[in-house]
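Data first, discussion second: the structure below is written as structure tokens.
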Amino acid sequence: METTTPARAADPSGTPAPPRLGHSSALSNGAGRAVARIAAFAVCQAAMIAGLGLLITGPARNLWPLSAEDALNDAFERVRNDALTTASAIASGAGDTHTVVAVTVLCCLGLLLVPPLPRWRAALFLALAVWLQSLVFLLITEAVDRTRPDVERLDASPPTSSYTSGHTGAATALYAGLAVLVLSRVRGRWGRPVALLLLLIPLLVGLARLYRGMHHPSDVVAGLLNGGLSLFVVGRAVLADDAWAARPPADAVDIAVAAAESRPGPSRERAVVIVNPTVTDTATRDRLRLVLAQRGHTDVTFVETTERDTGGGQAADAVRGGAGLIVACGGDGTIRAVADALAGTGVTLAVVPCGTGNLLARNLGLPLDPADALAAALTGEPRALDLGTISGDGIARTHFTAMSGAGLDAAVMGSTSDRAKSALGWPAYVLAGLGELRGPRMRLAVTLDGAPALHRTARMVLIANIGTVQGGTALVPGARPDDGLLDLALFDPRGAGGWLRAAGVLLRGSRPAGNATGAHGGPVEFFTFRRAELAFTRPQPREVDGDPVAPGRRIIAEVRHGALTVLLPAGEKQMGSTVPPPAREK
1233 METTTPARAA DPSGTPAPPR LGHSSALSNG AGRAVARIAA FAVCQAAMIA GLGLLITGPA
1293 RNLWPLSAED ALNDAFERVR NDALTTASAI ASGAGDTHTV VAVTVLCCLG LLLVPPLPRW
1353 RAALFLALAV WLQSLVFLLI TEAVDRTRPD VERLDASPPT SSYTSGHTGA ATALYAGLAV
1413 LVLSRVRGRW GRPVALLLLL IPLLVGLARL YRGMHHPSDV VAGLLNGGLS LFVVGRAVLA
1473 DDAWAARPPA DAVDIAVAAA ESRPGPSRER AVVIVNPTVT DTATRDRLRL VLAQRGHTDV
1533 TFVETTERDT GGGQAADAVR GGAGLIVACG GDGTIRAVAD ALAGTGVTLA VVPCGTGNLL
1593 ARNLGLPLDP ADALAAALTG EPRALDLGTI SGDGIARTHF TAMSGAGLDA AVMGSTSDRA
1653 KSALGWPAYV LAGLGELRGP RMRLAVTLDG APALHRTARM VLIANIGTVQ GGTALVPGAR
1713 PDDGLLDLAL FDPRGAGGWL RAAGVLLRGS RPAGNATGAH GGPVEFFTFR RAELAFTRPQ
1773 PREVDGDPVA PGRRIIAEVR HGALTVLLPA GEKQMGSTVP PPAREK
């Protein structure tokens, strides 16, 4: 018999819909099939345990050992004393809903955030096992109606059936699940003792529920069975070597790239991908390679930055080698170094955010996922954007794409460790900033476009090509990278009230009336200019696109209108001119 393959969805003209960039059937990990199997086994699990419950409460209720359950509950009631009652309350609390939820959340966060990280499969295993146990428990209590033991109960009776013990089932899924993770991942003499202690907790919870008169023994056994089966089903789905949700084969990306390159279509210009190896892992590079192949870029070279050359030299070499597309993959420092080398060349840049701040990418409307950002750029249009240039004592003339400055902002950049940025992301800057708020106020003279100098005091000076920072805060409202201007913001709040007024200006996202061109007064002043000279009375910490530079007493900033050609997503931020890019400089 001949079989047919379903056709791909097509647009009204009959053309097959293109695959989503960065995705391929070769990269599928079977997650869909795993979910379907978990659902099927969960139904079987619920049906089996519910069937046992109907048997226990029906034909088998007078058979041994079920006939001896009442006597066992009476025995627990007779041996009660203050010490045992206190101990049972503690043990029962380990299986309480609030405790189980809290411990599950904390453990999953630890698996995702504590190095080496992230342990996605382990966190998914634990969370799914607890969730599945709870779901099956709720289904069973609806199917099996069993009254609680006829003894004095030490806890308030919940409205659910006595069958099964929810405390015992939840404790089994959580603590036995942690024991599985300890045994499979902890090496050394402490692994087995810790796992054994974790396995004892569900048993203690079950004994406590019997002691407190809340369940029949068979309810506790069914709870252990429910939790254990949940662990087995979920563990088989995500943890086993031949798990249902298996990892893609090692050569999956090569297969996907080869398939993309074999599709008919025009071959595009040579592309060079400049990656910062400290923030771009192998998986990210593979996805970028796939996105490029799916867009017809078959001649692609990946080049790493180094501590001495953060992207500028690699970009200059790529231009000399005839590359028509440069992909910069890193943080704002990497993007700045590449843009500095591409200024005025007309070679197109695709920005791929992989760093902590990613300010330029945020302001250009790019997704923050690297592969999605590249896919959006490659389906967009080239646009001409401005660059700023900055120089001064101790700063060789260079370009910047986002923001440069002096004072508080630069001090924060210099005091934030790479380890904190890696662990916390951009909130690390906020924490570092709290320690710099009491820094000294600086005195400076500002000369804008040849006008008479303005004398000011400030805690922070920002020279901005873009306006928005993390969290959507408009730190320099109105600044755009395509208007042929740079923006200057002077922050000089005095006392708590001044900081609150400054925060109000930023939260409004617009410049105060009468302050658009720098009217004196207020905690924040804004200016626009094409060329500015800033002279400080004392050396100040300075930064260029988030990278600290040598402290100094002078900054000269100028705008280069339309100097950088960047691929931007169509329909996103309508920035830059769509006219052909400028001719390459000789």
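Sequential numbering from 1233 applies to the sequence shown in the working numbering.
Beta carbons are placed, not taken as given, at the ideal position from N, Cα and C, and that holds for glycine.
Can you give me the C-alpha to C-alpha distance between residue i and residue j, rounded to a whole angstrom?
i: P1771; j: D1625; result: 10 Å
i: T1336; j: G1290; result: 36 Å
i: P1801; j: G1710; result: 21 Å
i: G1438; j: P1350; result: 33 Å
i: L1287; j: G1325; result: 30 Å
i: L1364; j: L1341; result: 19 Å
i: C1586; j: S1389; result: 53 Å
i: V1311; j: T1331; result: 27 Å
i: A1820; j: G1409; result: Not covered by the structure: residue 1820. The range shown for the chain is 1233 to 1818.
i: L1230; j: P1425; result: Limits of the chain in this structure are 1233 at one end and 1818 at the other, which puts residue 1230 out of reach.
i: H1447; j: V1267; result: 33 Å
i: I1787; j: V1418; result: 54 Å
i: C1276; j: V1708; result: 59 Å
i: A1292; j: L1456; result: 20 Å
i: D1541; j: I1506; result: 11 Å
i: P1780; j: P1773; result: 8 Å
i: N1305; j: L1316; result: 15 Å
i: T1577; j: V1737; result: 38 Å
i: P1391; j: W1296; result: 28 Å
i: L1338; j: R1688; result: 49 Å
i: D1714; j: V1701; result: 17 Å
i: L1522; j: T1510; result: 21 Å
i: A1300; j: G1401; result: 23 Å
i: G1545; j: A1555; result: 14 Å
i: V1346; j: E1309; result: 45 Å
i: P1602; j: A1642; result: 27 Å
i: L1732; j: G1704; result: 18 Å
i: A1826; j: M1635; result: The structure shown does not extend to residue 1826, since the chain spans only 1233 to 1818, so no value can be given for it.
i: Y1395; j: S1416; result: 32 Å
i: L1435; j: E1539; result: 55 Å
i: T1329; j: H1399; result: 7 Å
i: W1658; j: V1644; result: Unreliable placement is indicated for W1658, whose pLDDT of 49 sits below 50; the coordinate value is still reported in the next sentence. If I take the Cα positions, the gap works out to 12 Å.
i: A1819; j: T1318; result: The chain is shown only over 1233 to 1818; residue 1819 falls outside these bounds and no answer can be derived.
Could you check if residue i is buried or exposed, using at least 16 other CB atoms within 10 Å of its CB as the buried criterion?
i: R1421; result: exposed
i: I1433; result: buried
i: I1372; result: buried
i: R1615; result: buried
i: G1553; result: exposed
i: I1322; result: exposed
i: N1294; result: exposed
i: G1327; result: buried
i: N1508; result: buried
i: D1681; result: exposed
i: L1428; result: exposed
i: A1683; result: exposed
I'd like to check one pair, residue j with residue i: are the Cβ atoms closer than 8 Å?
i: R1444; j: D1382; result: no
i: T1611; j: T1621; result: no
i: G1563; j: G1543; result: no
i: V1412; j: G1423; result: no
i: T1566; j: T1537; result: yes
i: L1592; j: T1533; result: no
i: V1466; j: I1270; result: yes
i: G1589; j: E1775; result: no
i: G1794; j: L1617; result: yes
i: L1404; j: G1459; result: For the sequence presented, residue 1404 should be read as Thr rather than Leu. Result yes, Cβ atoms of T1404 and G1459 sit closer than 8 Å.
i: L1430; j: T1580; result: no
i: A1582; j: L1557; result: yes
i: A1361; j: L1471; result: no
i: G1778; j: I1627; result: no
i: L1766; j: L1676; result: yes
i: A1690; j: G1730; result: no
i: S1397; j: R1441; result: yes
i: V1333; j: A1278; result: no
i: A1706; j: G1716; result: no
i: P1755; j: A1734; result: yes
Answer yes or no: does any C-beta atom of chain B fall closer than 8 Å to that of residue i?
i: W1422; result: In the displayed structure, chain B is absent; only one protein chain is listed.
Inter-stretch contact at 8 Å, needing at least 3 Cβ pairs: the segment 1434-1452 / the segment 1372-1389: yes
The segment 1752-1768 contacting the segment 1542-1554, beta-carbon criterion three pairs below 8 Å: no
At least three beta-carbon pairs within less than 8 Å, the segment 1597-1614 to the segment 1668-1687: no
The segment 1688-1698 touching the segment 1720-1739, judged by at least three CB pairs closer than 8 Å: yes
At least three beta-carbon pairs within less than 8 Å, the segment 1501-1515 to the segment 1527-1545: yes
Continuous alpha helix (DSSP H) assignments of at least 4 residues falling wholly in the segment 1570-1634: 1591-1595 and 1602-1610
Unbroken stretches of the alpha helix (DSSP H), 4 residues or longer, contained in the segment 1351-1414: 1352-1375 and 1398-1403
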